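All letters in the sequence shown, in the order written, are residues 113 to 412 by my numbering. Even for Gly, the Cβ is constructed at its ideal location relative to N, Cα and C. This one's a predicted model, so the numbers in the text were calculated from it and none came from an experiment.
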Amino acid sequence: MFKAKVTAKPKLGFLGTGLMGSPMTLRLLDAGYNMYIWNRTAEKITSLLENGATAADSPAAVAIESEFVFMCLTDANAVEQVVFGDKGVVKTGSEKKLLVDFSSIPPNLTRAFSMRLESECGMSWIDAPVSGGVKGAEEGTLAILAGGKLEAIEQIRPIVSNLCNRMTHMGHTGAGQVTKLCNQVIVASNLVTIAEAISLAERSGVDATKLHEALAGGFGDSLPLQIFGPRFAERKVKPLLGHIYTMLKDVDNARELGRETNTPLPMAGLAAEMFRQVSSQGYAQEDVTHLIRLFESEED
């Protein structure tokens with residue numbers, strides 16, 4: 113059972129300082145926390161070191177210095193390796209420490225990893241996937257979807273208030289991941305529909321760059337429309353806001369959960385097929401804006 117007593121500014125660790133992890137870490141640094149960080153690609157932490165973070169040479173080294181260890185990693189394989197691999201968190205974790213996983217991974221694996229971590233070193237696990245994208249990470253307006261022990265979740269609330277507008281306790285371990293998959297079904301389907309609508313406007317002689325403004329406040333409006341509508345219309349793929357690979361991974365995980373629970377997910381299936389097509393064209397590690405390519409003819 114997690115027993116750490118939270119001081120005014122506990123020592124924090126962050127594993128995975130990529131597209132989302134980097135701005136989240138920066139916000140915690142700006143809030144005055146001592147941050148110990150690790151990233152598989154070392155050069156990606158340079159700007160964070162310049163802002164006061166301390167580099168560690170392994171996840172285990174981060175965990176030994178930190179009361180709370182946050183991580184934001186690509187997928188379940190990365191999470192398993194960072195937590196349970198050589199020099200992983202489990203090597204130095206204890207019941208006095210807490211692991212908070214911002215990654216998006218399957219709920220069943222989250223539950224298995226949580227049980228294993230607590231069994232092997234006594235450390236508790238919160239699954240806390242986020243929604244809000246890079247903009248939300250930079251501005252501290254994320255939505256955090258938390259699963260795990262209520263006592264542990266309340267311990268991190270003052271810390272993550274620097275990252276989010278809201279953290280909702282969704283239930284037992286894995287409930288946060290289920291909620292994130294529900295979110296991704298909505299987002300992925302929305303992105304496909306937005307790209308489709310942009311294409312329809314363009315081919316009908318309407319200025320698609322104005323579509324998001326015209327629909328603002330109406331029933332067709334959404335945060336994805338306001339962010340990605342102009343990007344689709346302008347074919348703007350930089351700065352990177354989200355990988356095709358990540359969206360496809362999440363939707364595939366949602367479909368697997370649907371199979372496990374006997375839940376039909378026809379829209380998720382269609383969205384997955386669309387993202388799979390653009391991924392197969394060589395854009396897996398590129399921005400989701402490349403989805404618009406599926407709606408272009410050879411003459412475009």
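With DSSP as the reference, identify every bridge partner of residue i, one or two as the case may be.
i, result
"R278", "A255"
"D239", "D213 and G259"
"G283", "G259"
"I167", "At residue 167 the sequence reads Ala, which differs from the Ile that was named. Answer by DSSP bridge pairing, in chain order: I149."
"D478", "The requested residue 478 does not occur in the structure, where the chain is confined to residues 113 to 412."
Which stretch, first to last residue, makes up the beta strand (DSSP E) that contains residue i?
i, result
"V390", "Looking at the DSSP string, V390 is not in any beta strand (DSSP E); the run it does join, the alpha helix (DSSP H), is P378 to V390."
"I149", "M147 to W150"
Between which two residues does the alpha helix (DSSP H) containing residue i stretch?
i, result
"N225", "Here residue 225 turns out to be Phe, not Asn, going by the sequence shown. It spans P219 to C233 - the alpha helix (DSSP H) in which F225 sits, taken as one unbroken run."
"V181", "It is not in any alpha helix (DSSP H) - V181 instead sits in the beta strand (DSSP E) that spans F180 to M183."
"Q393", "No alpha helix (DSSP H) holds Q393; DSSP gives it neither H nor E."
"K361", "I356 to E372"
"R343", "L335 to E346"
"F407", "No alpha helix (DSSP H) holds F407; DSSP gives it neither H nor E."
Do residue j and residue i count as a contact pair if the criterion is CB distance below 8 Å?
i, j, result
"G252", "L353", "no"
"L160", "T186", "no"
"F214", "F182", "yes"
"E232", "V202", "yes"
"L369", "V290", "yes"
"M235", "G197", "no"
"G164", "L131", "no"
"Q296", "V363", "yes"
"Y357", "S391", "yes"
Checking contacts by CB at 8 Å: is residue i closer than that to chain B?
i, result
"D362", "Absent from the structure is chain B; it holds one protein chain and no more."
Indicate whether the contact test is met: 3 or more Cβ pairs, each with one atom in the region 219-229 and one in the region 151-159, closer than 8 Å. no
contact_flag[the region 129-149, the region 166-177] where n(CB pairs < 8 Å) is 3 or more: yes
At which residue ranges does the region 125-164 contain complete beta strand (DSSP E) runs of 3 or more residues, listed in the order of the chain? 147-150
Could you tell me whether the region 372-380 touches the region 279-288, where touching means 3 or more Cβ pairs closer than 8 Å? no
Kindly provide the ranges of any alpha helix (DSSP H) runs that are 4 or more residues long and lie completely inside the region 285-330, ordered along the chain. 287-315 and 323-327
Meets three-Cβ-pair contact criterion under 8 Å: the region 337-351 and the region 297-317: yes
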